[in-house]
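Report on the following structure.
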Amino acid sequence: MPFKLSFFVVSLFLLCACQEQENPSSRATAKTQIENIIIIYADDLGFGQVGAYGQQLIQTPRMDDLATRGIRFTQFYSSAAYCPPARNSLLTGLHTGESNWKNPVDMFGEEETIADVLKARGYDTSIFGKWGMSHADDSAAQFIRDTYPLCSNMTQDDMIRKLPEEFINGPADAGFTTFVGFMQHRDAHVHYHDSPQTPEESTPYHPYYEGVRQDLFQLIGDEVKRYKTTPDQYLPDVIMDEAIAHLRTVKDNKFFMLISSTLPHAELVSHPDTKKLYQQNGKSIFPETPWTGNHIFFRHVDEPRAELAGMITRLDQHVGMVIDELEALGIADKTLVIISSDNGAHLAGGMNDFEFFRSSGELRDGKWTIYEGGIRVPTIMYYNGIRAGVEETPFAQYQLKDTILELATGEPLNRSIVPVLDRERVEPLPHLYWQHHYDKSEEPLYEKAHTLQAVRQGDWKLVRLEPTPDTTTWAVYGNNSVKLELYNLREDAGETQDRHQEHCDITLALVDILNIYATADNKIAPIENFQCNQQ
1 MPFKLSFFVV SLFLLCACQE QENPSSRATA KTQIENIIII YADDLGFGQV GAYGQQLIQT
61 PRMDDLATRG IRFTQFYSSA AYCPPARNSL LTGLHTGESN WKNPVDMFGE EETIADVLKA
121 RGYDTSIFGK WGMSHADDSA AQFIRDTYPL CSNMTQDDMI RKLPEEFING PADAGFTTFV
181 GFMQHRDAHV HYHDSPQTPE ESTPYHPYYE GVRQDLFQLI GDEVKRYKTT PDQYLPDVIM
241 DEAIAHLRTV KDNKFFMLIS STLPHAELVS HPDTKKLYQQ NGKSIFPETP WTGNHIFFRH
301 VDEPRAELAG MITRLDQHVG MVIDELEALG IADKTLVIIS SDNGAHLAGG MNDFEFFRSS
361 GELRDGKWTI YEGGIRVPTI MYYNGIRAGV EETPFAQYQL KDTILELATG EPLNRSIVPV
421 LDRERVEPLP HLYWQHHYDK SEEPLYEKAH TLQAVRQGDW KLVRLEPTPD TTTWAVYGNN
481 SVKLELYNLR EDAGETQDRH QEHCDITLAL VDILNIYATA DNKIAPIENF QCNQQ
């Protein structure tokens, strides 16, 4: 009997001890554990292009592993449907209805960024890859505004004379102290600097690109200087190597690093090592139709599907490099890694075989639209010790600024989602908002680039379509032929069933939100006297 009693007492003690260890109040929280933040920001990575999000043809083992060991977000949104405004919102914490940057040709604003705040608090702040929000200084700024995004009238003389090394709105202006990468959006469309210097030397496989510099850039002090490359260097790898080297120098400091990858963005060129994963006997394992180029992307590509798959797998390998380096440096348990994308998958012809790879999964459309496929992006958060799980609450990238600053300061902030890192519920914002329009004096890049405004509240999303497709200049969009579409995303994530007439009360309530941001500055006129049965 004494032995049995002793055994019972010891067992009870061990049980209590185990329960105490599992008590949430005794665990380290994200606020107490995380000191450093790395954002790996993919370029045009679609919601369905990662294995953890349903991709079956493209290999992404490192991201899939992190999606299992970390938090996988199923309804996480970019702030815009294309590159520059999304990057601006990521850094400033402002959505496209609030920010100075609303259109491709606008200039980077003076809003406070994540890097500004963290730099002032003693953090090392660095960015590697695509900055994409600068314009060349002096007369070149207006020249580029006039010709963006096609730059189709540039001559070699223009390229030399009008594209100097001096820039306005660079990384240093946004609080970064270290940078290696592409300054302008246009420059970041190539993955090798192997283009000839003159049009006469151009070939289908090595085309001459007007207005694309043949170097990367770097910050030396506060000045932007050229970073020389050679034609045989795969530029995403060059940038990644610089990021890894910098990690080693700042491992003992608090740091914020933005790795702004150019993968899998155009042009369509994989590293040979990862393309080989999608070849057998030197030929693509996919049925292929060669891409012969268009007026923007000239390079001839024999196996576009194998190239795209190889680019995404190379991005996945870069993610693995970061995680492996954090482990080797012993800082994986205090470094939050956020993996996301600036917008949905590319829609342009051979540049991204959208349907074949089901690049948006079940979602509608992709880049350049504010349907779900253009703005809902794969997003994973991880640090060593995080409580793994799947998060289904709708959040947006413009909430990351408050999230990161709350981790740095310990002070709760309005748009922060820090409790999610501890698997606690965070209420979604009252609404999420997007807007998108483009300079119609240029030939549209994509026929589907016609959505104007969108708002999500709860499960309901209202999309406002562009009402004047024949306009040839920048327009203040008015009420002529206003077209609205209402979707219930819980029931219809693919946005196939417009229900605005069936739920007129919800439609009109969401119109009121759209009208908050329908201003002259936004080049959008408010919707007035809308009748649900007028369409």
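Residue 1 is where the sequence shown starts when you use the UniProt record's numbering, and the numbers rise one by one after that. Heads up, the beta-carbon is just placed ideally off N, CA and C, and yes, glycines get one too. Every value quoted in this text rests on a predicted model; they were computed, and no experiment measured them.
In the three-state reduction of the DSSP assignment, T335 falls in the strand class, which pools E and B. In the DSSP assignment, R305 falls within the alpha helix (DSSP H) that extends over P304 to L329. For D173, the secondary structure class from DSSP, reduced to helix, strand or coil, is helix. Counting along the chain, the unbroken alpha helix (DSSP H) around S89 starts and ends at C83 to T92.
Within its own chain, the residues whose Cβ lies closer than 7 Å to the Cβ of V180, once the five positions on either side in sequence are excluded, are F128, L216, Q218, Y227, I239 and E242, listed in chain order.
For T507, no beta strand (DSSP E) segment is defined; the enclosing uninterrupted segment is the alpha helix (DSSP H) at C504 to I516. In the structure shown, the three-state DSSP call for Y41 is strand. Checking the DSSP bridge columns, you'll see T379 partnered with F73. One Cα belongs to K401, the other to I338, and the distance between them is close to 12 Å. With respect to R364, G494 sits close: the two C-beta atoms are nearer than 8 Å.
The residue among K283, H295, A525 and I259 with its C-alpha nearest the C-alpha of I40 is I259. Pairing D65 with S261 gives a Cβ-Cβ distance that is not under 8 Å. Three or more beta-carbon pairs separated by less than 8 Å are not found between the region 358-378 and the region 273-287, which leaves the two stretches without contact. Checking the DSSP bridge columns, you'll see G129 partnered with G181 and S260. Across the set L432, H503, C504 and G458, the C-alpha of L432 shows the shortest separation from the C-alpha of L514. Distance from the CA of A52 to the CA of M63, rounded to the nearest whole angstrom, comes to 7 Å.
Looking at the DSSP output, N488 sits in a beta bridge with W460. Per DSSP, K225 is one residue of the beta strand (DSSP E) stretching across E223 to Y227.
According to the DSSP assignment, L405 belongs to no beta strand (DSSP E) but to the alpha helix (DSSP H) extending over L400 to T409.
Boundaries for I220: no alpha helix (DSSP H) harbours it, while the beta strand (DSSP E) harbouring it runs L216 to I220, taken from the DSSP string.
In this structure, DSSP gives V418 a helical state, which the three-state scheme calls helix. Under the DSSP definition of a beta bridge, F395 partners with F76.
Contact between S89 and A81 fails: their C-beta atoms lie close to 11 Å from each other, not under 8 Å. Looking at the DSSP output, D342 shares a beta bridge with no other residue. A residue is called buried once 16 or more other Cβ atoms fall within 10 Å of its Cβ, and A332 is buried on that count. Distances from the alpha-carbon of R387 to those of R72, N36 and Q49 put R72 closest. A direct Cα-to-Cα measurement between I375 and G344 gives close to 6 Å. Excluding five sequence positions before and after H318, the CB atoms of its chain that fall closer than 6 Å to its own CB belong to M240, given in chain order. Measuring C-alpha to C-alpha distances from P428 to each of A525, V50 and Q399 identifies Q399 as the nearest. In this chain, the alpha helix (DSSP H) harbouring Q33 covers A30 to Q33.
Annotation for L432: the continuous beta strand (DSSP E) segment containing it runs L432 to Q435.
A straight-line Cα-Cα distance of about 26 Å links N253 and L315. Per the coordinates, the alpha-carbon of A174 lies some 7 Å from the alpha-carbon of E112. Rounded to whole angstroms, V190 and M321 show a C-alpha spacing of 22 Å. Comparing C-alpha distances from A306 to each of D492, L326, A396 and Y278 shows the shortest one belongs to Y278.
Cβ-Cβ separation between A520 and P526: approximately 10 Å, too far for a contact (criterion under 8 Å).
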